[in-house]
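Asker: What follows is a single structure, and I will ask about it in a moment.
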Amino acid sequence: MQDSDDARARMEIAALTEPWHTVTGQLLRIIGPAETLALLRNPRIPLPAQVDPVLGTQWREATAARLFDGLADQVARLTDQHQLRVLTPGRAGWPASFADLGDRAPVMLWAKGNPELLTSSLSSRVTFTGARASSSYGEHVTRELVSDLLRGPRIVVAGGAYGIDAAAHRAALAARSASTIAVLAGGLDRPYPSGHAELFGDIVDAGGIQISETPPATAPTKWRFIARARLLAALGGASIIPEAGYRSGSLLVAARAAELGRPVGTIPGPITSAASSGCHRLLREGLAEVITHAGDITELLDPAPPSFLSPAIQEVARRAAPDAGKTARRAAL
Numbered sequence: 001m002q003d004s005d006d007a008r009a010r011m012e013i014a015a016l017t018e019p020w021h022t023v024t025g026q027l028l029r030i031i032g033p034a035e036t037l038a039l040l041r042n043p044r045i046p047l048p049a050q051v052d053p054v055l056g057t058q059w060r061e062a063t064a065a066r067l068f069d070g071l072a073d074q075v076a077r078l079t080d081q082h083q084l085r086v087l088t089p090g091r092a093g094w095p096a097s098f099a100d101l102g103d104r105a106p107v108m109l110w111a112k113g114n115p116e117l118l119t120s121s122l123s124s125r126v127t128f129t130g131a132r133a134s135s136s137y138g139e140h141v142t143r144e145l146v147s148d149l150l151r152g153p154r155i156v157v158a159g160g161a162y163g164i165d166a167a168a169h170r171a172a173l174a175a176r177s178a179s180t181i182a183v184l185a186g187g188l189d190r191p192y193p194s195g196h197a198e199l200f201g202d203i204v205d206a207g208g209i210q211i212s213e214t215p216p217a218t219a220p221t222k223w224r225f226i227a228r229a230r231l232l233a234a235l236g237g238a239s240i241i242p243e244a245g246y247r248s249g250s251l252l253v254a255a256r257a258a259e260l261g262r263p264v265g266t267i268p269g270p271i272t273s274a275a276s277s278g279c280h281r282l283l284r285e286g287l288a289e290v291i292t293h294a295g296d297i298t299e300l301l302d303p304a305p306p307s308f309l310s311p312a313i314q315e316v317a318r319r320a321a322p323d324a325g326k327t328a329r330r331a332a333l
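UniProt numbering puts the first residue of the sequence shown at 1, with every later residue one more than the last.
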């Protein structure tokens with residue numbers, strides 16, 4: 001385990017606070033981990049003027065019941081016991097793309113596996129997520145897309161749920177690729193769903209990685225699944241929804257990706273299939289582009305410059321395409 005004052009302070013902050021809280025991010029940015037932890041431990045220390053006093057008070061009150069002496073030692077002990085890595089901003093293994101989350105970036109990550117996958121280029125990573133109660137059609141197109149993409153230098157990002165997410169991981173493993181990242185909503189010592197404990201182990205054994213922003217012994221709650229959507233969106237250069245119902249949680253990933261200016265793709269399904277109604281909703285609302293084969297995803301990740309440009313200018317445009325595309329999409333939003 002990375003044993004430093006910064007890492008220990010972040011471990012305790014992550015154990016005390018819920019993910020995706022802007023006050024946590026604000027304080028870490030303004031005063032750093034040690035002073036943020038001091039604010040949590042001592043309610044008499046005033047909050048910085050930049051923090052909304054109402055939100056700041058609520059933030060403190062929400063953590064009071066979790067605070068006890070030895071919390072950091074407990075988290076550190078569990079981290080070592082389960083042979084987990086800790087990754088912190090600015091240190092080896094930290095995904096640069098999390099900077100786009102601003103004050104909603106995770107406090108830190110717990111990881112098991114190969115952290116080099118997290119520092120690959122953004123355009124090399126593709127997020128797949130979708131229906132838990134997936135159909136044979138949805139799982140088939142997921143397998144086909146992942147298998148075709150992994151013929152090139154791509155990395156799959158997905159959650160750990162049954163259905164589309166699991167199909168994406170299994171397709172990556174079947175391709176004998178070490179390129180798959182599982183993003184979990186609870187502690188890595190509590191595989192969820194428990195029926196995927198073997199799958200998560202296979203991912204690590206094959207050279208992939210599991211990550212979570214919550215410490216060991218943390219249960220995966222509804223709120224933590226909602227918060228995780230932003231991590232799935234931020235890790236992928238594009239987010240692909242092969243199949244999703246009208247109110248599927250995977251639509252949150254699409255929404256977070258759009259907020260970040262990342263492209264979203266989805267696969268149309270039968271109009272009679274409730275399992276594809278969320279995909280059709282994304283298309284109808286203009287939040288996603290139609291995907292019919294892996295080449296469509298490649299175009300989202302590596303937009304081609306206009307053919308009328310000279311070859312030299314096309315090459316320059318290609319290299320700048322991810323950033324330029326992001327700027328354009330943000331302007332459109």
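Heads up, the beta-carbon is just placed ideally off N, CA and C, and yes, glycines get one too.
Give the secondary structure of Ser4 by DSSP, where H, G and I count as helix, E and B as strand, and everything else as coil.
Answerer: Working through the sequence shown from its first residue, we reach residue 4 at position 4. Here Ser4 sits in coil by DSSP.
Asker: Using 8 Å for Cβ pairs, my map puts Pro268 next to His82. What's the rounded Cβ distance?
Answerer: What you label residue 268 is simply residue 268 of the sequence shown in a count that begins at 1. What you label residue 82 is simply residue 82 of the sequence shown in a count that begins at 1. So it is not a contact: roughly 42 Å between Cβ atoms.
Asker: List the DSSP bridge partners of Ser273.
Answerer: The residue given as residue 273 occupies position 273 in the sequence shown. According to DSSP, Ser273 bridges with nothing at all.
Asker: Taking DSSP as the reference, what is the three-state secondary structure of Phe98?
Answerer: Along the sequence shown, one-based indexing puts residue 98 at 98. In the structure shown, Phe98 sits in a helix (DSSP, three-state: H, G or I).
Asker: CA-CA distance, His21 and Ser212?
Answerer: Reading the sequence shown from its first residue, position 21 is the one you call residue 21. Reading the sequence shown from its first residue, position 212 is the one you call residue 212. Roughly 16 Å separates the two Cα atoms.
Asker: Given this structure, state the Cα-to-Cα distance separating Val75 from Arg8, to the nearest angstrom.
Answerer: On the sequence shown, position 75 is the one that residue 75 refers to. On the sequence shown, position 8 is the one that residue 8 refers to. Each residue's alpha carbon lies about 9 Å from the other.
Asker: Pick out whichever of Ala72, Ile241, Arg91 and Gly186 has its Cα sitting closest to the Cα of Arg10.
Answerer: To locate residue 10, count along the sequence shown from 1; it is residue 10. For the residues Ala72, Ile241, Arg91 and Gly186, the minimum Cα distance to Arg10 belongs to Ala72.
Asker: Using only alpha-carbon positions, find the residue among Ile203, Leu235 and Ala185 that is nearest to Thr218.
Answerer: One-based indexing of the sequence shown puts residue 218 at position 218. Residue Ala185 is the option with its Cα nearest to Thr218.
Asker: Given this structure, state the Cα-to-Cα distance separating Ala254 from Leu287, to the nearest angstrom.
Answerer: Here residue 254 is taken as the residue at index 254 of the sequence shown, counted from 1. Here residue 287 is taken as the residue at index 287 of the sequence shown, counted from 1. If I take the Cα positions, the gap works out to 7 Å.
Asker: Does Ala324 pass the burial test, meaning 16 or more other C-beta atoms within 10 Å, or should it be called exposed?
Answerer: As a working note, residue 324 is residue 324 in the sequence shown. For Ala324, the predicted structure reports a pLDDT of 39, less than 50, and the residue's modelled location is therefore unreliable. The matter cannot be settled from this model.
Asker: In its own chain, which residues sit with a C-beta less than 8 Å from the C-beta of Arg228, not counting the 5 before and 5 after it?
Answerer: Along the sequence shown, one-based indexing puts residue 228 at 228. Here the set comprises Pro19, Gly159, Val183, Leu184, Ala185 and Glu213.
Asker: Hey, is the stretch 89 to 101 in contact with the stretch 230 to 245, meaning 3+ C-beta pairs nearer than 8 Å?
Answerer: Yes: at least three Cβ pairs fall under 8 Å.
Asker: Pro322 by DSSP, collapsed to three states: which one?
Answerer: Against the sequence shown, residue 322 aligns to sequence position 322. With a pLDDT of only 48 at Pro322, under 50, the local geometry of the prediction cannot be trusted, and no value is derived from it.
Asker: Is the distance from the Cβ of Leu145 to the Cβ of Pro48 below 9 Å?
Answerer: Position 145 of the sequence shown, counted from the first residue, corresponds to residue 145. Position 48 of the sequence shown, counted from the first residue, corresponds to residue 48. No, Cβ-Cβ distance for Leu145 and Pro48 is not below 9 Å.
Asker: Alpha helix (DSSP H) containing Val54: first to last residue?
Answerer: The residue given as residue 54 occupies position 54 in the sequence shown. Unbroken alpha helix (DSSP H) run through Val54: Pro53 to Ala64.
Asker: One question on the structure: do Ser179 and Leu118 come within less than 9 Å of each other, judged by their Cβ atoms?
Answerer: Sequence index remark: in the sequence shown, residue 179 carries index 179 (1-based). Sequence index remark: in the sequence shown, residue 118 carries index 118 (1-based). No, the Cβ-Cβ distance between Ser179 and Leu118 is not below 9 Å.
Asker: Can Pro43 be considered in contact with the ligand COA, in the sense that its beta carbon sits closer than 8 Å to one or more heavy atoms?
Answerer: In terms of ligand content, the structure shown is empty, and the ligand COA therefore cannot be addressed.
Asker: According to DSSP, Gln210 sits in a beta bridge with which residue or residues?
Answerer: Here residue 210 is taken as the residue at index 210 of the sequence shown, counted from 1. Paired residues: Lys112 and Ala182.
Asker: Classify Leu87 as helix, strand or coil using the three-state DSSP reduction.
Answerer: Here residue 87 refers to the residue found at position 87 of the sequence shown. Three-state result, Leu87: strand.
Asker: What is the residue span of the alpha helix (DSSP H) that Thr36 lies within?
Answerer: Locating residue 36 in the sequence shown gives position 36, counting from the first residue. Segment Gly32 to Arg41, the alpha helix (DSSP H) holding Thr36.
Asker: Can you have a look at Thr36 and say buried or exposed, based on whether 16 or more other CB atoms are within 10 angstroms of its CB?
Answerer: Taking the first residue of the sequence shown as 1, we reach residue 36 at position 36. Thr36 should be labelled buried.
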